[in-house]
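Asks:
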DNA sequence: GTCTATACACCGATAGAC
DNA sequence: GTCTATCGGTGTATAGAC
């Protein structure tokens, strides 16, 4: 089991338990590594594990969500691809979003700035696709923000209502809503 | 300081710190009561405090959000009123939603069923207003769910982006979107 | 009701043998 | 690298005086 596999298992714990709810015991159980081994791989302890988690997710997100958005191909297809990847990433909405989880606690939380940048990068990439599709810049930004907003909201509803329906519905209508002709 | 005031201060702690992040020390600091005093008021400790918090919020929510929705008056006005109350409740989106916070952890969390009921009650009440306004039942339910979804998403974005803009924007467009004429 | 004192478990983290 | 053993600190929870 290499480091990437270990980090992926830790990601799972943080996503399920939140930052405060994630304990070394749970991480130990999830990875099969003892406490001391964990400190061998992550000398700075829990915080370093959280940083590794965030780094892994940021990289995955960049490769699987942002890059396809900036890639070639029809706008609609790129957005559909993002939807597929999101569906995979969030397991039909059953997994919570680390952005939302790590944003809890004090507003000046450890990772706040990093989270802010990630979210903005996502919105920006999405907006760029829309401007490419001929949507005015301010409208594009707005719609992109709305799309991310709906995805985040859908994740909450999916968890609380115990149904993947909201998440799947939002994904289904993503490209249609985003690329709808400008009316006003 | 009566019990209600104490509970309100505890609510604040849970909303800011989440369930796991809320410690008796923080509650003690927020209320001015020592550990032992807290156990006098809530013999079952932290869990009972969380239950009291949820009960308080459920009651506030019922009186300030659900009742007005079921009340008399034009649908648009009732929805606007809900928006005002939400704006007050979430402090322009700066406060997180307890529904989302308490939904973390295992899917079969302590409060899951209660959260589920609260969210469903909200969606149902909203859908009822829409059917009253002449919107077909299935469409009404869908739109109501969408509205709650957008509010939850806006809370996440407002936190992470450090701007109340998304939340305020969502509230502003609530009644227009909900009561828009059916097109299909 | 609130205080001091305290019990006990678990937290994150470290040391040292292997 | 992983183990056992252990540290100091903090968590929840209680007991008993006032």
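Chains as they are written, first to last, in our numbering: chain W, 51 to 234; chain D, 51 to 234. Every residue, glycine too, gets a C-beta built ideally from N, C-alpha and C. The model shown is predicted, which means the values in this text are computed figures rather than measured ones.
1) On the three-state DSSP scale, how would you describe residue 135 of chain D?
2) Mapping DSSP to helix, strand and coil, what is residue 160 of chain D?
3) Closest to residue 195 of chain W by CA distance: which of W:132, W:92, W:170 is it?
4) Going by Cα to Cα distance, which pick from W:152, W:118, W:143, W:85 is closest to residue 221 of chain W?
5) Are the CB atoms of residue 139 of chain W and residue 145 of chain W nearer to each other than 9 angstroms?
6) Roughly how many angstroms lie between the CA atoms of residue 205 of chain W and residue 205 of chain D, to the nearest whole one?
7) Of all Cβ atoms in chain W, is any one closer than 9 angstroms to the Cβ of residue 209 of chain D?
8) Residue 137 of chain W and residue 70 of chain W - do their beta-carbons sit closer together than 9 angstroms?
9) Once the 5 residues before and after residue 150 of chain W are set aside, which same chain residues still bring their CB inside 8 angstroms of it?
10) Go to residue 187 of chain W, then tell me how far its alpha helix (DSSP H) extends in each direction, as first and last residue.
11) Give the straight-line distance between the Cα atoms of residue 174 of chain W and residue 160 of chain W, rounded to the nearest whole angstrom.
12) Under 8 angstroms between beta-carbons, which chain W residues line up against residue 151 of chain D? List them in chain order, please.
13) In chain order, what residues of the same chain lie with their CB nearer than 6 angstroms to the CB of residue 135 of chain W, ignoring the 5 residues before and after it?
14) If residue 193 of chain D sits next to residue 211 of chain D, beta carbons under 8 angstroms apart, how far is it from one beta carbon to the other, in whole angstroms?
15) Measuring straight from C-alpha to C-alpha, what distance separates residue 313 of chain W and residue 223 of chain W?
16) Considering only residues of the same chain and omitting the five flanking positions on each side of residue 76 of chain D, which have a CB-CB separation below 7 angstroms?
17) With a CB to CB cut of under 6 angstroms and the five nearest residues on each side skipped, what residues in its chain are close to residue 130 of chain W?
18) Here's a check: name, in chain order, each residue in its chain whose Cβ is nearer than 6 angstroms to the Cβ of residue 81 of chain D, leaving out the five neighbours to either side.
19) Out of curiosity, what's the CA-to-CA distance linking residue 127 of chain D and residue 178 of chain D?
20) So, with DSSP's three-state summary, where would you put residue 144 of chain D?
21) Which of helix, strand or coil does DSSP assign to residue 181 of chain W?
22) Are the Cβ atoms of residue 99 of chain D and residue 119 of chain D separated by less than 9 angstroms?
23) Between the C-alpha atoms of residue 165 of chain W and residue 208 of chain D, what's the straight-line distance to the nearest angstrom?
24) Can you look up residue 232 of chain D in the DSSP assignment and give me helix, strand or coil?
25) Using Cβ-Cβ distances below 8 angstroms, what residues of the region 174-188 of chain D are close to chain W?
26) By the three-class DSSP mapping on this structure, what secondary structure does residue 99 of chain D have?
27) Please list the partners that residue 231 of chain W has in chain D, where partner means a Cβ-to-Cβ separation under 7 angstroms.
28) Is it buried or exposed, residue 234 of chain W, if we count other Cβ atoms within 10 angstroms and call 16 or more buried?
29) What residues in its chain sit with their C-beta under 6 angstroms from that of residue 191 of chain W, if we drop five residues either side in the sequence?
30) Is DSSP giving residue 94 of chain D helix, strand or coil here?
31) Check whether the Cβ of residue 199 of chain W lies closer than 9 angstroms to any Cβ atom in chain D.
32) Against residue 160 of chain D, what residues of chain W qualify as contacts under a CB-to-CB distance less than 8 angstroms, listed in chain order?
33) Since residue 228 of chain D and residue 197 of chain D should fall inside the 8 angstroms C-beta cutoff, what is the C-beta to C-beta distance between them, to a whole number of angstroms?
34) Could you tell me whether the Cβ atoms of residue 168 of chain D and residue 108 of chain D are closer together than 9 angstroms?
35) Using the Cβ count rule (16 or more neighbours within 10 Å means buried), how would you classify residue 73 of chain W?
Replies: The structure says:
1) Residue 135 of chain D: helix per DSSP, three-state reduction.
2) It is coil, neither helix nor strand.
3) Answer by Cα proximity: W:170.
4) It is W:143.
5) At the C-beta level, residue 139 of chain W and residue 145 of chain W come within 9 angstroms of one another.
6) If I take the Cα positions, the gap works out to 12 angstroms.
7) Residue-level contact by beta carbon holds for residue 209 of chain D and chain W, with a gap shorter than 9 angstroms.
8) Going by C-beta atoms, residue 70 of chain W is not nearer than 9 angstroms to residue 137 of chain W.
9) Correct list, in chain order: 202, 205, 206.
10) Counted as a single uninterrupted DSSP element, the alpha helix (DSSP H) harbouring residue 187 of chain W occupies residues 187-211.
11) Using only the alpha carbons, I get a separation of about 23 angstroms.
12) Near residue 151 of chain D (Cβ distances below 8 angstroms), the residues of chain W are 154.
13) 114, 115.
14) In fact, because the Cβ distance is near 25 angstroms, the residues do not count as touching under 8 angstroms.
15) Any answer about residue 313 of chain W is impossible in this case: the structure gives chain W only from 51 up to 234.
16) Hits under 7 angstroms: 63, 67.
17) 225.
18) Taking residue 81 of chain D as the centre and dropping the five residues before and after it, the same chain places the C-beta of 56, 59 closer than 6 angstroms to its C-beta, in chain order.
19) Approximately 14 angstroms between the Cα atoms of the pair.
20) Note: residue 144 of chain D maps to coil in three-state DSSP.
21) Helix, per DSSP.
22) It is not a contact, given that the beta carbons lie outside the stated cut-off.
23) Computed Cα separation, rounded: 12 angstroms.
24) Coil at residue 232 of chain D, not helix or strand.
25) Residues passing the 8 angstroms Cβ filter: none.
26) In the three-state scheme derived from DSSP, where H, G and I count as helix and E and B as strand, residue 99 of chain D is classed as helix.
27) Near residue 231 of chain W there are no residues of chain D at all, since even the closest Cβ is about 14 angstroms away, more than 7 angstroms.
28) By the 10 Å Cβ count, residue 234 of chain W comes out exposed.
29) Closer than 6 angstroms at Cβ, skipping near neighbours: 177.
30) Residue 94 of chain D sits in coil when the DSSP states are folded into three classes, being neither helix nor strand.
31) For residue 199 of chain W, the answer is yes, since a Cβ of chain D falls inside 9 angstroms of its Cβ.
32) Going along chain W, no residue has its Cβ under 8 angstroms from residue 160 of chain D, so there is no contact; the nearest lies around 13 angstroms.
33) With 8 angstroms as the limit, residue 228 of chain D and residue 197 of chain D qualify as a contact, their Cβ atoms being about 6 angstroms apart.
34) A contact, by the Cβ cut-off of 9 angstroms.
35) Counting other Cβ atoms within 10 Å of its Cβ, residue 73 of chain W stays below 16 and is therefore classed as exposed.
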